[in-house]
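Each remark here refers to the structure printed beneath this line.
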Amino acid sequence: MQTYEDSVEFQGSYASNEYADGSNEARETRIASLGNSVAPEAVIARIEYITTRVIDQLNEPKEPYFASTYIQEMLSIEGILQDEETDVVALTKKFNLMQCRSFTSVLLVLSFVHALLLSNRTTTTREVYYYFVTHFRTQRECDVAIMEAASLLRVPRVSLGLSASPKGWFCGCLRITRPETGQNRGEGSVHETVIDGSSLSSVQGLPITREWIDRSSDDHRAQAFQIVSQHAKCILVIEKEGVYNRLSEDRFFERYPCILVTGKGFPDLATRALVHSLHHELQLPVYGLCDCNPYGVGVLQTYQRGSTKMGLDGGSRYTVPIQWIGLRPSQVASMKADLPRDVYQSLTELDERRIESLCHETSPFTNVLNGYERRDELRCMAKAGYKVELEALHWLGMDFMSDWLEEILVRHENGTNNDDTDEESEEDNCWKII
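The numbering used here applies: residue 30 is where the sequence shown begins, and numbers increase by one.
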């Protein structure tokens with residue numbers, strides 16, 4: 030019977046024997062795996078290490094369980110030091126009455142990923158769901174198991190060989206240049222494919238794919254394309270797909286040079302990675318447009334700082350300093366005389382709890398410079414007791430949304446709403462970006 034101590038030797042037998050020795054090449058490969066992306070061989074090793082621990086527990090016998098601390102033990106045994114990931118929540122699962130289903134779900138995901146990486150393939154999270162469709166009740170349950178598997182292994186999701194189906198869209202003042210590959214490429218000549226973000230074949234623009242996750246990794250070899258923008262002044266992140274489609278169809282980026290992005294609600298990793306890349310590479314500010322409700326504000330907060338439940342894919346990974354352009358309670362109050370009563374929806378108890386959480390001193394969204402302005406807006410929302418969706422602005426005219434956004438951006442660019450005065454009128458506050 031193989032014991033826990035014997036399993037240390039087992040680590041060297043996975044996938045390829047070249048990693049079983051103590052060579053510098055093998056050691057450098059394992060150390061490199063501790064960065065943003067983890068080599069497939071290292072992920073396979075971690076899965077086999079955890080599985081061995083569970084088998085040992087069954088052989089003893091005792092209640093099986095696994096924990097993310099196993100990986101720390103494994104790396105310590107190998108003599109590899111790992112910086113403590115303060116953003117990662119420690120994960121422990123036990124095969125008991127309360128956790129037996131989630132325990133099984135994570136093991137199923139680990140078995141799938143193990144086979145996937147050994148075959149040198151990648152796939153979508155949707156395929157995992159259908160592969161175990163008799164087990165998982167919903168795609169959401171499958172996605173949670175995948176996130177927990179990544180946290181257990183202490184790796185980002187992309188290192189599992191899994192990606193979500195394209196969810197987000199973007200368009201606007203940017204160009205993407207890709208080197209052309211294939212037999213038609215002449216020797217010694219350079220052929221490029223140029224994608225213009227302002228030349229739209231549909232109102233959606235361009236899909237946001239996993240290549241943006243690869244681009245945001247530490248491996249610069251993954252940057253197989255270039256992004257250029259000579260005119261864009263900002264990145265406008267839009268919560269609602271419908272509002273994004275309207276601004277895209279109106280070609281808002283021609284009225285005010287910008288890049289439009291939507292994650293269709295809470296963004297997936299690829300959308301967050303795209304915004305992160307555009308912000309850092311093009312040095313553009315990021316402005317967020319969402320519903321005037323705590324859910325919408327939570328969407329903006331996800332761009333600013335991902336949930337720790339997402340493991341290495343959450344926390345400070347893909348973080349951007351997003352600013353709140355609207356729709357805010359002070360802006361809704363200034364339009365109250367023009368909006369019908371039907372657009373106002375009462376806050377629920379859940380909404381009130383979300384507002385309280387967003388206002389807390391530990392909240393990433395309000396724990397920033399000038400965060401008091403965001404807290405004031407959220408408290409005004411709670412005091413007013415209502416919420417309003419972005420689509421309500423269409424009541425004021427088909428062009429109102431674009432006109433309103435353009436005026437805010439132009440005022441901000443020209444410094445019309447600066448903080449030089451000791452007192453600000455409510456009207457001035459409506460035109461600010463906070």
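Just so you know, even glycine gets a beta-carbon here, dropped at the ideal spot from N, CA and C.
Practice task
Can you check DSSP and say which residues form a bridge with Glu-199?
Solution key: It is worth fixing the name first, because residue 199 is Phe in this sequence and not Glu. Partner(s): Leu-235, Val-290.
Practice task
Throw me the rounded Cβ distance for the Phe-141 and Val-157 pair, which I believe falls under 8 Å.
Solution key: Taking the Cβ atoms as the reference, Phe-141 lies roughly 6 Å from Val-157, within the contact range of under 8 Å.
Exercise for the section: Look up Arg-75 in the DSSP assignment and say whether it is helix, strand or coil. Expected result: Arg-75 falls in the helix class under three-state DSSP.
Exercise for the section: Could you check if Ile-224 is buried or exposed, using at least 16 other CB atoms within 10 Å of its CB as the buried criterion? Expected result: Looking at its Cβ environment, which holds fewer than 16 other Cβ atoms inside 10 Å, Ile-224 is exposed.
Exercise for the section: Leaving aside the five residues before and after Val-138 along the sequence, list all residues of the same chain whose C-beta is less than 7 Å from its C-beta, in chain order. Expected result: The residues are Val-157, Ala-174, Ile-175, Ala-178.
Handout entry: Residues bridged to Cys-321 (per DSSP)
Key = Partner residues in the beta bridge of Cys-321, as assigned by DSSP, are Val-417.
Handout entry: Contact the segment 314-333 vs the segment 258-273: 3+ CB pairs below 8 Å
Key = At 8 Å Cβ cutoff, the stretches touch.
Exercise for the section: Would you please state the rounded distance, in angstroms, between the beta carbons of Asp-320 and Leu-419? I believe it to be under 8 Å. Expected result: Contact check for Asp-320 and Leu-419: beta-carbon distance about 5 Å, within the 8 Å limit, so the pair qualifies.
Problem - Short Cβ contact (7 Å threshold) for Leu-191 with Thr-154 - result: Contact: yes.
Practice task
Please go through the same chain and pick out, in chain order, the residues whose beta-carbon is closer than 6 Å to the beta-carbon of Arg-404, but skip the five residues on each side of it.
Solution key: Excluding residues within five positions, the ones whose Cβ falls inside 6 Å are Cys-388, Thr-395.
Problem - Presumed contact (8 Å Cβ cut-off) between Gly-414 and Ser-375, rounded CB distance - result: Contact flag correct, Cβ pair sits at about 6 Å.
Exercise for the section: Would you give the residue range spanned by the beta strand (DSSP E) that Ile-351 belongs to? Expected result: Where Ile-351 is concerned, the enclosing beta strand (DSSP E) stretches over 351-355.
Problem - Three-state class that DSSP yields for Arg-186 in the structure shown - result: It is helical.
Practice task
Indicate the three-state DSSP secondary structure (helix, strand or coil) for Glu-221 in the structure shown.
Solution key: Strand, per DSSP.
Problem - DSSP beta-bridge partners of Tyr-373 - result: Its beta-bridge partners do not exist; DSSP assigns none.
Problem - Start-to-end residues for the alpha helix (DSSP H) that takes in Pro-358 - result: Counting along the chain, the alpha helix (DSSP H) containing Pro-358 begins and ends at 358-363.
Handout entry: Strand pairing of Ile-256, partner residues [DSSP]
Key = Beta bridge pairing from DSSP links Ile-256 with Ile-205.
Exercise for the section: Determine the direct distance from the alpha carbon of Tyr-94 to that of Arg-59, and round the result to whole angstroms. Expected result: Confidence is the limiting factor: at Arg-59 the pLDDT is only 36, short of 50, which leaves the residue's position unreliable, though a coordinate-based value still follows. Going from the Cα of Arg-59 to the Cα of Tyr-94 covers about 25 Å.
Problem - Ile-264 to Arg-75 span [Cα, whole Å] - result: When rounded, the distance between both Cα atoms is 39 Å.
Handout entry: In DSSP terms, what Ile-264 is bridged to
Key = Within the DSSP secondary-structure output, Ile-264 pairs in a beta bridge with Ile-288, Val-315.
Problem - Within 7 Å, strictly: CB atoms of Gly-201 and Ile-288 - result: Contact: yes.
Handout entry: Outcome for Asp-367 when other beta-carbon atoms lying within 10 angstroms are tallied against a minimum of 16
Key = Under the 10 Å beta carbon count, Asp-367 is surrounded by fewer than 16 other beta carbons and is classified as exposed.
Problem - Distance between beta carbons of Ile-73 and Leu-147, contact taken as under 8 Å - result: So it is a contact: roughly 7 Å between Cβ atoms.
Problem - Which residues DSSP lists as bridging Leu-191, in chain order - result: Beta-bridge partners assigned by DSSP to Leu-191: Thr-152.
Problem - Given Thr-291 as reference, the closest of Glu-310, Lys-262, Val-232 once Cα atoms are compared - result: Relative to the Cα of Thr-291, the nearest Cα in the group Glu-310, Lys-262, Val-232 belongs to Val-232.
Exercise for the section: Can you give me the Cβ contacts of Pro-358 inside the same chain, cut-off strictly under 7 Å, excluding the 5 residues immediately before and after it? Expected result: When the five nearest sequence neighbours on each side are left out, the beta carbons in the same chain lying within less than 7 Å of the beta carbon of Pro-358 are those of Cys-321, Glu-406, Cys-409, Met-410, Ala-413, in order along the chain.
Problem - C-alpha gap between Glu-390 and Val-397, whole angstroms - result: Glu-390 and Val-397: Cα-Cα distance of roughly 10 Å.
Handout entry: Close beta carbons around Phe-295, own chain, < 7 Å, minus the five adjacent residues each side
Key = Excluding positions up to five away in sequence, the list reads Val-328, Thr-331.
Handout entry: Check whether Tyr-316 and Gln-352 have beta carbons under 7 Å apart
Key = With contacts defined as CB atoms closer than 7 Å, Tyr-316 and Gln-352 qualify as a contacting pair.
Handout entry: Euclidean distance between Cα positions of His-220 and Thr-206
Key = Computed Cα separation, rounded: 10 Å.
Problem - Reduced DSSP category for Gly-426 - H, G, I as helix; E, B as strand; rest coil - result: Secondary structure at Gly-426: coil, using DSSP grouped into helix, strand and coil.
Problem - Given Tyr-347 as reference, the closest of Lys-196, Gln-333, Arg-382, Gly-355 once Cα atoms are compared - result: Among Lys-196, Gln-333, Arg-382, Gly-355, the Cα nearest to that of Tyr-347 belongs to Gln-333.
Exercise for the section: Please report how far the alpha carbon of Trp-198 lies from the alpha carbon of Leu-318, in whole angstroms. Expected result: Cα-Cα distance, rounded: 15 Å.
Problem - Alpha-carbon spacing of Leu-136 relative to Asp-243, whole angstroms - result: Their backbone Cα atoms lie some 26 Å apart in a straight line.
Exercise for the section: Using beta-carbon positions only, say whether Ala-1 and Asp-297 come within less than 7 Å of one another. Expected result: Missing from the structure shown is residue 1; the chain here goes from 30 to 463 and no further.
Practice task
Under the assumption that Glu-402 contacts Ile-463 (Cβ atoms under 8 Å), give the Cβ distance between them as a whole number of angstroms.
Solution key: The beta-carbon distance between Glu-402 and Ile-463, rounded to whole angstroms, is 4 Å. This is short enough to meet the 8 Å contact definition.
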